[in-house]
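Quick note, the sequences are listed as chains U and W, same order. Counting along the first sequence from 1, when you hit position 202 you're at 202 in UniProt numbering, and nothing is skipped either side. Counting along the second sequence from 1, when you hit position 124 you're at 124 in UniProt numbering, and nothing is skipped either side. Note that the Cβ used here is the ideal one computed from N, Cα and C, for glycine as well.
Number of protein chains: 2
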Amino acid sequence: MTTSVRQARPAQPTLEMVAEVAGVSRATVSRVVNGSTKVSPEIVAAVTKAIGELNYVPNRAARSLASRQTEAVALVVPEDMTRFFGDPYFAAVVQGITRRLDQSDYTLNLLVASSDPRHKTLRYLRTGNVDGALIISHHTGDDFVAELETTMPVVFGGRPSNADDLDAYFVDVDNAAGAETGTQRLLDIGRRRIGSIAGAGDMPAGIDRLTGFARTLERAGLPTDAVELADFTAAGGAAATRRLLERYPDLDGLFVASDLMATGAVDVLREFGRSVPGDVAIVGFDDSPAATSGPVALTTVSQPSEEMGYAMADVLLRRLAGDESMPHRTLMPTRLVLRDSA
Amino acid sequence: MTTSVRQARPAQPTLEMVAEVAGVSRATVSRVVNGSTKVSPEIVAAVTKAIGELNYVPNRAARSLASRQTEAVALVVPEDMTRFFGDPYFAAVVQGITRRLDQSDYTLNLLVASSDPRHKTLRYLRTGNVDGALIISHHTGDDFVAELETTMPVVFGGRPSNADDLDAYFVDVDNAAGAETGTQRLLDIGRRRIGSIAGAGDMPAGIDRLTGFARTLERAGLPTDAVELADFTAAGGAAATRRLLERYPDLDGLFVASDLMATGAVDVLREFGRSVPGDVAIVGFDDSPAATSGPVALTTVSQPSEEMGYAMADVLLRRLAGDESMPHRTLMPTRLVLRDSA
DNA sequence: TTGTAGGCGTTATCAT
DNA sequence: ATGATAACGCCTACAA
Chain U
1 MTTSVRQARP AQPTLEMVAE VAGVSRATVS RVVNGSTKVS PEIVAAVTKA
51 IGELNYVPNR AARSLASRQT EAVALVVPED MTRFFGDPYF AAVVQGITRR
101 LDQSDYTLNL LVASSDPRHK TLRYLRTGNV DGALIISHHT GDDFVAELET
151 TMPVVFGGRP SNADDLDAYF VDVDNAAGAE TGTQRLLDIG RRRIGSIAGA
201 GDMPAGIDRL TGFARTLERA GLPTDAVELA DFTAAGGAAA TRRLLERYPD
251 LDGLFVASDL MATGAVDVLR EFGRSVPGDV AIVGFDDSPA ATSGPVALTT
301 VSQPSEEMGY AMADVLLRRL AGDESMPHRT LMPTRLVLRD SA
Chain W
1 MTTSVRQARP AQPTLEMVAE VAGVSRATVS RVVNGSTKVS PEIVAAVTKA
51 IGELNYVPNR AARSLASRQT EAVALVVPED MTRFFGDPYF AAVVQGITRR
101 LDQSDYTLNL LVASSDPRHK TLRYLRTGNV DGALIISHHT GDDFVAELET
151 TMPVVFGGRP SNADDLDAYF VDVDNAAGAE TGTQRLLDIG RRRIGSIAGA
201 GDMPAGIDRL TGFARTLERA GLPTDAVELA DFTAAGGAAA TRRLLERYPD
251 LDGLFVASDL MATGAVDVLR EFGRSVPGDV AIVGFDDSPA ATSGPVALTT
301 VSQPSEEMGY AMADVLLRRL AGDESMPHRT LMPTRLVLRD SA
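Written out as structure tokens, the structure reads:
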């Protein structure tokens, strides 16, 4: 009958014990553990051996207390997790983040930006619980994070929307360029009455993709009025498609700012008796699993989601390591993936 | 020119400083911070005031070092995050978990069970980095966690598949009962050639739902052979539906073990010229956003995903607080939500 | 009820 | 290059 499992944790070996086994001082063991160069090879060997024998693992709390660093970074995600994670794009980003972090000793603290961000979340971050922060998918108005950069290194996923965040670090794709490529594809296959379902206007990615779309059509001397906004969900994309179809029944091409929204568009189009890509060709954005989960495989502008997450973590880790030479913006390439819809 | 942001963290007030301001000893401050009853009201007031003035927040590392507890719990999710989070059900569960945790001082560490679980993940967990663990969506074969319960409190989301995990703590819904309700609905509206798309056979939820389905049909004296397995994704559901349709062209009812798979089923059905619910009525499971994101709103067996996450965290927290009176299994209710598909 | 003092496991500053 | 020896901020007997 163990009364309380909690206290029963078997005593872990300590630096001290390793030192004794290796016949050196704690300080020396600490040095080899932390990879100091100023230790003679023989001693390194002896210590390493002792560590192996005892199966020693540094105590995080003690290390953190003494070094004043936590070896933890926060992942701040928006409050509405269902919608956030509902988009495979984000899931992939997070996976990339963890992949990079797994190569380090850093831990990932999941922080859901509560509706009361000024208090709990911010306080937690400021209070020294983490060494740095990764912030994903923040909309305009999430300015509460602006000041954070003064406290600790922060890296954004996607260009921050705040105009004053000029010196924010972020990794993103060139959304405008990607949108141009996607829209151009529609032109290339002969479509001339092209519309777009754009992402919410409060997110830079949405704005930039719309810009690229419009720019391409203008260049071709075509009108850019067939645009509807949606919220990056399948349902939103479906609704926007209905509105668009009502206004422009002669639509023959559609550039959609996300694959998830595009799946909604496909549903509605077929519902209205339009074939894809026969009547209406569609180009999506993301190349997420959603692109191939629907009835018609989507031609889409692929962005390296997982790699973006990896890059985010990588930039943060480098900054934490003292490397301030990182460029503020890391732009990843997009590429057009041809499937059935366009 | 700040050379290094990292070290610049402003010195937080310490217990010692609070003690001085309040005119008491550190020990006393510690007592009121930790809510000891044996402190006189006046002193509590004085200390509380000092804490407020200094804006004192306990240092996690120090507390953890002294108390041998981390105030952190791990959230272990399966390696394939894209598929994991791609299912809105899980996103909701995680949201529920964070909601409960937000009411406590516990932090959530996101752990992706790597393909090498025996090493990194397990080592991390065992090495005292967290006080407890929440484990979600583990398949058969994830037995690496079985031994974990001997080290620290663990709570599973969904019944663990391991037969020997008799005394594991978990929160789940009564999947079999839910499936019965859903299948019964199909009978009630007059369907007689009913099939099912079941979840992967290596997950208890999938197995139990299939059991409920079969039981109901047997009770009605109907055959239970029209079953195809899928992997809980939309694409998987679509493929399974194709196979099913091929074998049983006369299908008029379909019980699908998840809404996500059901959306795939709807797509295929319409593609084959079958109307929903006209030709084939469909009942899903989960009542996730996927249920209403497609072309036809799904009648579905609703499970309280968010509440389940909340309950998981709640059980864990109670156990961490020393309350071992919690029941091992927490079963949440399902209910049938009537929409358009059946 | 309150205070004293030792210890938690590291890191970091000095000497040596 | 290595070793004492302080911190680091808090908890917790034990004493008063």
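Item                                                                                                                              : Value
Counted within 10 angstroms of its Cβ, other Cβ atoms place Ala321(W) as buried (16 or more) or exposed                           : exposed
Closer than 8 angstroms to chain W by CB, Glu271(U)                                                                               : yes
Any chain W beta carbon closer than 8 angstroms to Thr82(U)                                                                       : yes
Range covered by the beta strand (DSSP E) that runs through Ile197(U)                                                             : Ile194 to Ala198
Beta bridge counterpart(s) of Ile135(U) as assigned by DSSP                                                                       : Val76(U) and Phe156(U)
Start and end residues, alpha helix (DSSP H) containing Gly206(W)                                                                 : Pro204 to Arg219
Range covered by the alpha helix (DSSP H) that runs through Phe90(U)                                                              : Pro88 to Leu101
Neighbourhood of Ala46(U) by C-beta distance below 6 angstroms, restricted to the same chain and skipping five residues each side : Ala22
Contact belief for Val112(U) with Val154(U) at Cβ below 8 angstroms, rounded distance in angstroms                                : Val112(U) to Val154(U), Cβ: 17 angstroms. No contact.
Arg31(W) at chain U interface by Cβ criterion, 8 angstroms                                                                        : no
Nearest residue (CA-CA) to Leu336(W), options Gly206(W), Ala230(W) and Asn175(W)                                                  : Asn175(W)
Gln303(U) burial status per 10 Å Cβ neighbour count (16 or more: buried)                                                          : buried
Spatially closest choice to Met203(W) from Gly158(W), Ala234(W), Glu246(W) and Arg247(W), by CA coordinates                       : Gly158(W)
Proximity test, Cβ basis, 8 angstroms: Gly199(U) and chain W                                                                      : no
Whole-number beta carbon distance between Ser325(W) and Val93(W), since they are thought to touch under 8 angstroms               : Contact flag wrong, Cβ pair sits at about 24 angstroms.
Neighbour-count burial assignment, Ser258(W), 16 or more Cβ in a 10 Å radius                                                      : buried
Sequence-distant residues of the same chain with beta carbon closer than 7 angstroms to Ser25(W), five excluded per side          : Ala19
Contained alpha helix (DSSP H) runs [length at least 4] in the region 244–299 of chain W, N- to C-terminal order                  : 259–271 and 290–293
Residue of Thr216(U), Ile43(U), Phe232(U) and Gln12(U) minimising C-alpha distance to Gly206(U)                                   : Phe232(U)
Contact the region 259–275 of chain U vs the region 223–240 of chain U: 3+ CB pairs below 8 angstroms                             : yes
Where Val18(U) meets chain W, residues with beta-carbon distance less than 7 angstroms                                            : Those within 7 angstroms of Val18(U) in chain W number zero; the least Cβ separation is about 15 angstroms.
CB-CB length for Gly195(U) against Ala168(U), believed under 8 angstroms                                                          : That belief does not hold up - the Cβ atoms of Gly195(U) and Ala168(U) are roughly 33 angstroms apart, past 8 angstroms.
Residue span of the beta strand (DSSP E) that contains Tyr310(U), given as start and end                                          : Counting along the chain, Tyr310(U) falls outside any beta strand (DSSP E), though it belongs to the alpha helix (DSSP H) covering Ser305 to Leu320.
For Thr107(W), the residue or residues it bridges with in DSSP                                                                    : Ala72(W)
Three-way DSSP call (helix, strand, coil) for Asp231(U) in this model                                                             : coil
Proximal chain W residues relative to Asp267(U), where beta-carbon distance stays under 7 angstroms                               : Gly294 and Pro295
Exposure of Gln7(U), with buried meaning 16 or more beta-carbon neighbours within 10 Å                                            : For Gln7(U), the predicted model reports a pLDDT of 41, less than 50, meaning its position is unreliable and no value from the coordinates is stated.
Per-residue burial, Leu108(U) [other beta carbons within 10 Å of its own, 16 or more giving buried]                               : buried
Beta strand (DSSP E) segment containing Leu331(W), residue limits                                                                 : Arg329 to Met332
Where the region 98–116 of chain W meets chain U: residues whose CB sits under 7 angstroms from a CB there                        : Thr98, Asp102, Thr107, Leu108, Asn109, Leu110, Val112 and Ser114
Contact residues within the region 228–257 of chain W, judged by C-beta distance below 8 angstroms to chain U                     : Thr233, Ala234, Ala235 and Ala238
Minimum Cβ-Cβ distance from Val5(U) to chain W less than 8 angstroms                                                              : With a pLDDT of only 38 at Val5(U), under the threshold of 50, the placement of this residue in the model should not be trusted, and no figure is reported.
Close beta carbons around Met1(W), own chain, < 8 angstroms, minus the five adjacent residues each side                           : Bear in mind that a pLDDT of 29 at Met1(W), under 50, signals an unreliable position, so the number given afterwards is only what the model happens to contain. Cβ neighbours of Met1(W) beyond the five flanking positions: none.
Separation of Tyr310(U) from Gly182(U), as counted between CA atoms                                                               : 25 angstroms
Residue environment, Ser293(W), which counts as buried when at least 16 other CB atoms sit within 10 Å                            : buried
Coarse secondary structure for Tyr56(U), derived from DSSP in three states                                                        : coil
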